[in-house]
Structure formats: C-alpha cells, structure tokens
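First the structure, in the form of structure tokens, and then the observations on it.
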Amino acid sequence: MKQRCLALLQSCASMNELRQIHAQLHSLGLAGDRFLASEMLRFCALSPRGNICYARSLILSLVDPMLSSWNHVIRGYSQSDLPREALLIFIQMRRRGHLPNELTFPFVLKACANLMALQLGMQIHAGTLKGGVHHVVYVQNALMNLYGSCGQIDETRRLFDGMSLRTVVSWNTILSACISNSLPEEWSDIFLRMRSCGFEPDQTTYVILLSAGAELGRLSFGKWLHGQIIESELPINVQLGTAIVNMYAKCGLVTYASRVFDRMPVKNVWTWSSMILGLAQHGSAREAIELFQQMKNASVRPNYVTFLGVLCACSHAGLVDDGYKFFHEMVEDYGINPMMTHYSAMVDVLGRKGHLLEAYDFIQKMPIEPDAVVWRTLLSACQLHAAKDVNEIGKEANRRLLVLEPKRSGNYVMAANLYSEEGLWEEAARLRRMMREEGLKKVPGESCIEVAGIVCRFISGDDSCNNTGSICKILNGLELHMKMPYSFSMDCR
C-alpha cells in the first residue's frame with residue numbers, strides 16, 4: 001500500500017490531486033510516514049503546480065520530518081517572493097534539532113542574498129565552516145552570490161580565487177557580482193578568462209551579459225552576443241529570449257526587439273513587459289498600449305513592471321484619462337500595490353500634460369510618503385509649463401526636494417532655472433547663493449555615443465578632446481541648417 005501511495009504522489013499533477021491523496025493517507029494511517037510526507041512536500045514546494053503555503057503548514061504539522069523535507073520547503077521559499085519564510089523555516093528546523101547539510105546551506109544563503117541580509121548570511125557562512133561543507137562547490141557558489149548581492153566584491157573575489165573546482169555557475173556568479181557592482185573592466189576580463197579556461201557560456205551567462213549590455217547601452221556588444229548565441233546553436237529559452245528583447249529595446253532598436261519578440265514561441269510576463277516598456281520609451285506609446293491589450297488577451301497576468309511601461313506610454317502620448325484607468329486597473333483588478341515608481345510615473349503623466357495642480361493633489365493623496373523622485377518629476381513639469389500657479393507648486397516641490405536631498409546640486413539648479421524663466425531673479429540668486437554656501441557645484445552634463453564598438457563620452461565645458469574644433473564646426477553647421485526656413489539635403493558620402 002505504501003509503494004502504491006508513493007507512486008500516486010510521484011505522478012501527481014495538481015494540488016487538487018495531492019489533497020485527495022493526502023486525505024487518503026490520513027484514512028490509511030500513513031499521513032505521518034516520513035517518506036510519503038517528503039514526496040508530498042517536494043511537489044508542494046518545488047512543482048510549478050504546487051502550493052508553498054500548503055507545504056509550510058504540512059511540515060510544521062509533522063512530528064519528525066526528514067532533513068530532505070525541510071530542504072524542499074526552504075528551497076521552495078528561497079526561490080519564491082517570500083525568501084524571509086525560508087529563514088523562518090530554517091530556524092524551526094534548527095529548533096527541532098536537525099543539522100543542515102550541504103543541500104540546506106545554498107538555499108538559506110540564497111534567501112539571505114535575496115533579502116540582502118549580510119549579517120545573517122555571514123552567520124550562515126560560519127555555519128558552513130563549522131559543518132565542514134564550505135568547500136562544496138555549490139555552497140561556495142551560494143556564498144559568492146550572497147557577498148556579490150550585498151556589494152562585498154572583495155570577499156566574492158577571495159572566494160572565487162580560492163576555489164579548487166569551478167563550474168559554469170561559479171563563473172556566472174562572479175560575472176553577475178562584477179556587473180551588479182559596476183565593474184565593467186573586471187567582468188569583461190572574467191568573461192575572457194572563462195572562455196580561455198574551456199568553459200562554454202550557457203543561457204544564464206548570456207542572460208547576465210545581455211543585461212549588462214542593456215544597462216550600459218552597448219548595442220554593438222549586445223549584437224555580438226546575439227551573434228554568438230546563434231552561432232553556438234544554443235537553445236533560446238524564455239529567459240534568454242527575454243534578455244535579447246530587453247537589450248535591443250533598451251538600446252533603442254525597437255524593431256529588432258519586436259522581431260525577436262514575435263519569433264519567440266513561449267513568452268512570460270517579463271518578455272511582454274520588456275517589449276511594452278521598450279515601445280513606450282522609444283516613441284511608440286500607442287503600440288505599447290496595444291501590446292498590453294494583446295498580452296491580456298493571451299491570458300498573461302501583468303505585473304508591476306508591465307504597468308510601469310503602460311504608464312510610461314500614457315505619459316509620452318499625453319493620455320491622462322488612460323493613465324488613471326490603468327493605474328486603477330493595476331490596483332483594483334490585479335491587486336498590485338503601487339510602488340514609488342508607479343506614483344512617480346502617474347505624476348509624470350499629469351505633469352507632462354500641464355495638469356500641475358492635479359499632479360500636486362495626486363501627490364498629496366498618496367498613502368506613502370513621496371520620495372525625491374516624485375517631487376523632482378513635479379518640479380521638472382513646472383519647468384515645462386508656465387501656469388498661473390506654477391510658481392507656488394514649484395516652490396513647494398523645491399522645498400520638499402531640499403529637505404529630502406539637501407546635498408544634490410541638481411535640485412538647486414532646476415529650481416533656480418524655473419525662477420529665472422519666471423523672471424524671479426532674486427529667488428534664483430538666493431538658490432545659487434545657497435549652493436555656494438553649501439559648497440555644492442553643478443554637475444556638468446554628459447552624453448555618450450558608441451561608434452564602431454568604442455564609447456565616446458562628451459562632457460559639458462570639456463574642450464580637452466583633440467577633435468573639439470571639428471565637432472563644434474559640424475554642430476554649428478547643423479544648427480544653421482536647422483534655422484533655415486527651407487528644406488535641404490546634405491550629401492554625407
């Protein structure tokens with residue numbers, strides 16, 4: 001009978017089936033069997049069709065669960081949106097006298113990394129030393145992930161350099177740590193070392209590198225990675241496909257992103273969200289909103305990033321009513337609590353359209369304390385639109401900003417420019433005087449462009465570049481042509 005029940009659990013396909021089997025085990029007096037309970041917990045905690053909360057209730061009801069049972073639940077929570085629960089289950093496990101093994105520690109450390117709980121993670125690290133499992137490769141990988149996630153790059157390097165055996169996961173972890181800690185030269189070197197040591201990049205490697213290329217706007221690097229993926233005939237799973245879409249979208253090649261998106265046989269919420277956000281940010285707001293509707297028609301449930309993209313689209317297209325509609329849909333239909341970025345996006349929707357009083361009123365009604373980004377968005381809108389009450393609203397936004405970020409020079413500059421445009425010279429002079437008294441200097445504006453794989457950076461007021469004279473001549477020529485009241489053609493051959 002026990003073997004038959006085990007076979008039923010191993011073939012279980014839904015929580016409904018599992019509950020029926022669990023009830024049958026109770027009637028047979030087998031509900032407390034450790035092996036059967038472990039199999040139930042494996043399904044509940046680790047299957048996409050499981051229920052992690054059911055797993056929690058089940059393991060806490062057992063008299064003496066197996067260590068593998070605890071590991072299943074800890075692993076399930078560490079991979080969920082509730083990593084703190086993994087730590088609470090770990091504490092319960094220790095209180096009941098169970099010692100963790102090399103399979104327990106990686107997922108406890110993963111939970112610490114997700115929570116950025118460095119101090120607790122260091123205590124767990126000490127536990128790996130005491131338990132004699134610190135040399136196990138997947139424990140070392142988890143430790144590197146912890147320290148890298150918490151910004152401790154030196155400790156991450158020390159662990160990596162001390163490894164006697166490395167896997168692709170080890171290389172991916174150190175790559176991710178260098179990228180998340182803004183060390184582009186180091187991760188480039190590590191990627192080359194990885195290849196020279198005979199390790200072939202896997203899907204995760206390319207996801208990490210494509211994400212780095214997207215954040216840096218390195219289009220040529222992203223294209224090269226895409227070419228490497230195609231050349232290596234590496235299967236493009238949904239995570240890798242999403243990373244490619246995201247890279248092209250963030251680098252401004254929305255047509256390329258759309259092409260990859262359309263060819264993906266399987267898309268998840270992040271794929272749709274990346275495409276929607278890319279369209280919204282690069283002049284295709286209407287298409288972004290249409291794609292959002294297609295996403296819902298495909299029965300894909302939107303998340304917080306999706307709605308951020310849709311609100312961004314409404315802002316660029318000046319769709320105030322739609323902005324309100326989507327904001328309320330997010331809360332009322334999908335139960336998503338707005339984050340600060342959503343409130344800021346909604347203020348931008350109103351501010352860009354010139355609804356400054358409405359934007360100010362929206363901020364006043366926020367259930368959470370608005371941060372500096374929200375007030376800066378409003379102040380920026382005040383600069384764009386001259387209105388009867390813009391002076392008072394701008395003053396209030398500026399006052400809040402200086403309280404929240406008293407050392408940020410850009411806040412003073414924005415407000416001073418606003419007052420200057422309104423002819424309030426004394427107010428503008430007062431703010432610039434405050435800047436001098438605080439010892440703050442205006443951060444020079446800068447821009448960069450990638451040409452033939454080389455990133456060229458331009459800083460306002462910097463004439464140290466050898467080509468400054470030629471650049472200025474071309475810019476002056478373009479400015480002159482732009483001012484001419486007739487059409488023209490420029491032969492750029």
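Quick note: the sequence shown uses the UniProt record's numbering, first residue 1, plus one each step.
Glycine is no exception: its CB is placed at the ideal position from the N, C-alpha and C atoms.
To the nearest angstrom, report how far apart residue i and residue j are at their CA atoms.
i       : j       : result
Pro-83  : Pro-370 : 27 Å
Phe-307 : His-342 : 8 Å
Glu-239 : Gln-203 : Sequence check: residue 239 is Gln here, not Glu. Straight-line Cα distance between these residues: approximately 8 Å.
Asp-262 : Arg-218 : 23 Å
Thr-255 : Asp-154 : 40 Å
Val-300 : Leu-41  : 28 Å
Leu-216 : His-22  : 52 Å
Leu-62  : Ser-68  : 13 Å
Cys-150 : Ala-7   : 43 Å
Met-295 : Trp-272 : 7 Å
Ala-31  : Asn-145 : 38 Å
Val-245 : Glu-392 : 43 Å
Ile-230 : Pro-201 : 13 Å
Ala-372 : Ile-208 : 30 Å
If you follow the alpha helix (DSSP H) that residue i is part of, which residue opens it and which one closes it?
i           : result
Glu-155     : 153 to 161
residue 549 : Residue 549 falls outside the range modelled here, since the chain spans only 1 to 493, and no answer is possible.
residue 496 : Shown here, the chain extends from 1 to 493; a query on residue 496 therefore has no answer.
Ala-212     : 203 to 216
Thr-79      : For the sequence presented, residue 79 should be read as Gln rather than Thr. Premise fails: Gln-79 is in no alpha helix (DSSP H) and is neither H nor E.
Ser-164     : Counting along the chain, Ser-164 falls outside any alpha helix (DSSP H), and DSSP gives it neither H nor E.
Lys-223     : 219 to 231
Glu-358     : 356 to 364
Arg-193     : 184 to 196
Gly-318     : Here Gly-318 belongs to no alpha helix (DSSP H), and DSSP marks it neither H nor E.
Pro-83      : 83 to 95
Thr-271     : 269 to 281
Ser-284     : Looking at the DSSP string, Ser-284 is not in any alpha helix (DSSP H), and its letter there is neither H nor E.
Using the beta-carbon count (16 or more within 10 Å), is residue i buried or exposed?
i       : result
Leu-165 : exposed
Gly-241 : buried
Gly-309 : buried
Ile-52  : buried
Trp-425 : exposed
Tyr-334 : exposed
Arg-376 : buried
Gly-29  : exposed
His-26  : exposed
Pro-265 : exposed
Gly-222 : buried
Asn-114 : buried
Leu-478 : exposed
His-328 : exposed
His-481 : exposed
Gln-152 : buried
Gln-140 : buried
Leu-475 : exposed
Ile-59  : buried
Met-346 : buried
Thr-468 : exposed
Is the stretch 92 to 110 in contact with the stretch 119 to 130, if contact means three or more CB pairs nearer than 8 Å?
yes
Would the stretch 378 to 387 and the stretch 352 to 370 be scored as touching if the rule is three or more Cβ pairs under 8 Å?
yes
Using 8 Å as the Cβ pair cut-off and three pairs as the minimum, do the stretch 277 to 284 and the stretch 309 to 318 touch?
The stretch 277 to 284 makes contact with the stretch 309 to 318; the number of CB pairs closer than 8 Å reaches 3 or more.
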